[in-house]
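A.B. asks:
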Amino acid sequence: MPAPRHPDNASPNEGDGDPVEPLHSPGERGFAQMVGAMGRPAPARRRRQRAAESREPASTATPESPGEALERALMMVRGGQVEAGMALCHEWWPRLSEAEDRLHMGICQHVLAVGYHYNGKLKEALTTGYLGLELLTLVGETERRLRLMSLHAITLAQLGQAAEAMELLGRAVELLPQVADSPWQQCVFWNNAGTVYESLGQIDEALSALERCTELAPRFDEPSIKAISRGNLLTLRLTTLQRHAAGVDRVLAAYAELCRHLDALMDEGRQHLVTNYAAEAADVMIQRGEMDEARSLLRLGMKAATATALGPKRATLELRFARVERLSGHLRLAAAHVAEALTLVGESQDLELLARVHLENSQLQEAQGHWRAALDSYKRHAETRETWLAAQAEGRSQALAARVDVERNRVEAELARLRQAELQKQVEHLVEEAGLLKRQAEEDPLTGLANRRHFERRAEQLRADAPAARPLVLLIGDIDHFKRINDLHSHTLGDEVLRTIGRLMREHLRPHDAVARWGGEEFVVAFGAGLTLAQALTVAHRLRHTIERHAWAVITPGLQVTMSLGLAECRPGESLTEALQRADAALYECKKGGRNQVRTAI
């Protein structure tokens, strides 16, 4: 599973009342350890004191708006005062509910979801997350909903609920076009998506998502997110190269690049990021047997964790220190690190991390030959892990129950909407079906031109609309040697020739001329707007020339297509059939005269 990554939560619009959740949430280390992203919570008495202090100025200052209060709550969570920030949300919730302020109710649940996420309270994190998504969906708040969906997908993925996580991530992807003008929003999403993929073991997809994120970073001015996205990508590249047993040069080059990034983060004062990346890089060095490098990285991580009061992070670092010293044969040093890790993990109440500490202690006791102590530690590891897995299972069950409630409400609302729109949809379907039937009755399916029946109706209408002194002019055309084209090539290629002829006729004749496929390789035209026979003859010559000069070789090398055309006027008292027969006689004269010609009937 992926190692934890705690981003800086700074927003490009800091202080505008728009809370921002973390870009990248922890993976392998367990939910309780998420507190480390924003600083270790104070003991209960100190937390209550801080919560009281944080609310004191509000009584004397100008009353806060809901947005300002929720932004302040998020700042507390980000600063490590998780309980105080969540207390402020709970304080505001009754007022927001009474006012039916769904927007700020959704934001409030969003902030609470972030707080529960950091505190490792799985059930509450998912329950508030689902409620927040429902409220933000009702008010159509796309940007906050997108961020909460990607955060929620991380939680689901880290719980092993792959299908639900991917389904939610897919819905979030559908919202991305709505924030196309905000590279910051897209960067946040792809960074979180990378965490989801990494948690599910889809490393290629994770790398691709993080690369998208880093490509977006130069398009906005937010150093924190740029540092996070680059650090996440460099760390994942390094661990992936090591996992795939890549060449030494490639691994060391990736390691050197990550170390340069760590130095830059320290210079910029982003120690909370250094802790995570240094720990993951140390794991790679331990696997490679580079213990001095691992110690150097762990010291750097410890320095950063101490500077930012990240107690749970210090516990994971102490655990890695213990492993390094045990593998190096320094068993007393390893024992000291294990003892310190046990003290620190007791403060965070992270059962998953506690289980790993007991496992490391068991391996250490075994290395010292203390078999009874090793067995005792291993039993504690098994019991703690069983408790942790049971808590996770219960959390999943309760979270699924909460999701069922949310989905039931969503389905009921959707059914109501569908009932209201059902009649309109039925009408639209009938209209569409009628249009399709009309097209099928009037169009040739191969060329899209009018069929014979529709042409006859159009031609009669054009004849009725034409001036009395201007008889309707008809044209009939036949593709020369079309049977030879089918025989030499194929009927499929012959169909493509027919389609192309139909397209050329539509493009080079006027919109009010009636054009149709008469049958086989024959096409007919009825010229509208009172066109004279002489004018129609000019149009026919131009059409013949266009067909002859067309780039037929694009369809197949060596192909050449020509057309013979016959024209006739529809005389007074003469039917369309009779006029077309005379035009067909003129066409026959073209064939006798060598084809690729235009002639008029006498």
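Each residue of the sequence shown is one higher than the last, beginning at 1 in full-length UniProt numbering.
Backbone N, C-alpha and C define an ideal beta-carbon position, used for all residues, glycine too.
Out of curiosity, what's the CA-to-CA distance linking A254 and H330?
C.D. replies: Going by the C-alpha atoms only, they are around 29 angstroms apart.
A.B. asks: Taking the alpha helix (DSSP H) that V524 falls in, what are its first and last residues?
C.D. replies: No alpha helix (DSSP H) contains V524, which is instead part of the beta strand (DSSP E) from E522 to F527.
A.B. asks: Out of D204, R452, E521 and D584, state which residue places its alpha-carbon closest to the alpha-carbon of I485.
C.D. replies: Ranking D204, R452, E521 and D584 by Cα distance to I485 puts E521 first.
A.B. asks: Report all residues from its chain with a CB closer than 8 angstroms to the CB of L169; omit the five preceding and five following residues, and keep chain order.
C.D. replies: Only M149, S150, A153, A193 and V196 meet the Cβ criterion.
A.B. asks: Kindly provide the ranges of any alpha helix (DSSP H) runs that are 4 or more residues long and lie completely inside the region 236-314, ordered along the chain.
C.D. replies: As far as the region 236-314 is concerned, its whole alpha helix (DSSP H) runs of at least 4 residues are 248-268, 271-287 and 291-307.
A.B. asks: Got a sec? Which residues, its chain only, sit under 7 angstroms from H370 by beta carbon, not counting five neighbours each side?
C.D. replies: Nothing listed; no residue qualifies.
A.B. asks: Does the structure place the region 499-509 close enough to the region 450-457 that three or more beta carbon pairs sit under 8 angstroms?
C.D. replies: Not touching, per the Cβ criterion.
A.B. asks: Tell me whether the beta-carbon of L423 lies closer than 7 angstroms to the beta-carbon of G477.
C.D. replies: Not closer than 7 angstroms, so no.
A.B. asks: Reducing DSSP to helix, strand and coil, say where T128 ends up.
C.D. replies: In this structure, T128 counts as helix in the three-state DSSP scheme.
A.B. asks: What is the DSSP secondary structure of P22, counted as helix, strand or coil?
C.D. replies: Annotation note: pLDDT 35 at P22 (below 50); position unreliable, coordinate value reported separately. Here P22 sits in coil by DSSP.
A.B. asks: Out of curiosity, what's the CA-to-CA distance linking Y116 and G129?
C.D. replies: Roughly 10 angstroms separates the two Cα atoms.
A.B. asks: Quick one: grab the DSSP three-state call for G477.
C.D. replies: If DSSP states are grouped into helix, strand and coil, G477 belongs with the strands.
A.B. asks: Would you tell me roughly how many angstroms separate the C-alpha atoms of C89 and E124, rounded to the nearest one?
C.D. replies: Cα to Cα, C89 sits roughly 14 angstroms from E124.
A.B. asks: What three-state label does DSSP hand L74 in the structure shown?
C.D. replies: Helix.
A.B. asks: Give the straight-line distance between the Cα atoms of G530 and E460, rounded to the nearest whole angstrom.
C.D. replies: Roughly 13 angstroms between the two C-alpha positions.
A.B. asks: Ordered along the chain, which non-local residues of its own chain (more than five positions away) have a Cβ less than 6 angstroms from that of S229?
C.D. replies: Cβ neighbours of S229 beyond the five flanking positions: N191, C213, T214 and A217.
A.B. asks: Counting beta carbon pairs with one atom in the region 178-185 and one in the region 198-212, are three or more of them shorter than 8 angstroms?
C.D. replies: The region 198-212 vs the region 178-185: no contact.
A.B. asks: Which residue comes first and which comes last in the alpha helix (DSSP H) that contains S362?
C.D. replies: Note, S362: alpha helix (DSSP H), L351 to A367.
A.B. asks: W518 lies in the beta strand (DSSP E); which residues open and close that run?
C.D. replies: Unbroken beta strand (DSSP E) run through W518: A514 to G519.
A.B. asks: From A157 to T492, what distance separates their C-alpha atoms?
C.D. replies: Approximately 50 angstroms, taken between the alpha carbons.
A.B. asks: State buried or exposed for R72, treating a residue as buried only when at least 16 other CB atoms are found within 10 Å of its CB.
C.D. replies: Classification of R72: buried, given that the 10 Å Cβ count is 16 or more.
A.B. asks: Which residue comes first and which comes last in the alpha helix (DSSP H) that contains G201?
C.D. replies: That residue, G201, is in no alpha helix (DSSP H); it is neither H nor E in DSSP.
A.B. asks: For H489, which residues in the same chain have their Cβ closer than 8 angstroms to its Cβ, ignoring the five residues on either side in sequence?
C.D. replies: Hits under 8 angstroms: T556 and L559.
A.B. asks: So A279 and R320 are supposed to be a Cβ contact under 8 angstroms. How far apart are they, rounded?
C.D. replies: Contact holds; Cβ gap of about 6 angstroms.
A.B. asks: Would G573 pass as an interface residue toward chain D - the criterion being a Cβ-Cβ separation below 7 angstroms?
C.D. replies: Within the model displayed, chain D is absent; a lone protein chain is all it includes.
A.B. asks: Which value, in whole angstroms, describes the spacing of the CA atoms of H244 and Y277?
C.D. replies: Cα to Cα, H244 sits roughly 19 angstroms from Y277.
A.B. asks: Which of the three DSSP states is assigned to T500 in this structure?
C.D. replies: In the structure shown, T500 sits in a helix (DSSP, three-state: H, G or I).
A.B. asks: Please report how far the alpha carbon of G269 lies from the alpha carbon of E414, in whole angstroms.
C.D. replies: Their backbone Cα atoms lie some 49 angstroms apart in a straight line.
A.B. asks: For a test of the three-state rule: what should DSSP assign to G67, helix, strand or coil?
C.D. replies: Here G67 sits in helix by DSSP.
A.B. asks: At which residues does the alpha helix (DSSP H) containing R457 begin and terminate?
C.D. replies: That run of the alpha helix (DSSP H) goes R452 to D465.
A.B. asks: How would you label E222, buried or exposed, when you count the other beta carbons within 10 angstroms and need 16 or more for buried?
C.D. replies: By the 10 Å Cβ count, E222 comes out buried.
A.B. asks: Report the CB separation of A305 from T343 in whole angstroms; it is logged as a contact under 8 angstroms.
C.D. replies: 14 angstroms between Cβ atoms; not a contact.
A.B. asks: I need the straight-line Cα distance from P22 to M302, nearest angstrom please.
C.D. replies: With a pLDDT of only 35 at P22, under the threshold of 50, the placement of this residue in the model should not be trusted; the figure read from the coordinates follows. C-alpha separation (whole angstroms): 22 angstroms.
A.B. asks: Do A526 and L462 come within 7 angstroms of each other at the CB atom, strictly closer than that value?
C.D. replies: Yes, they are a contact pair.
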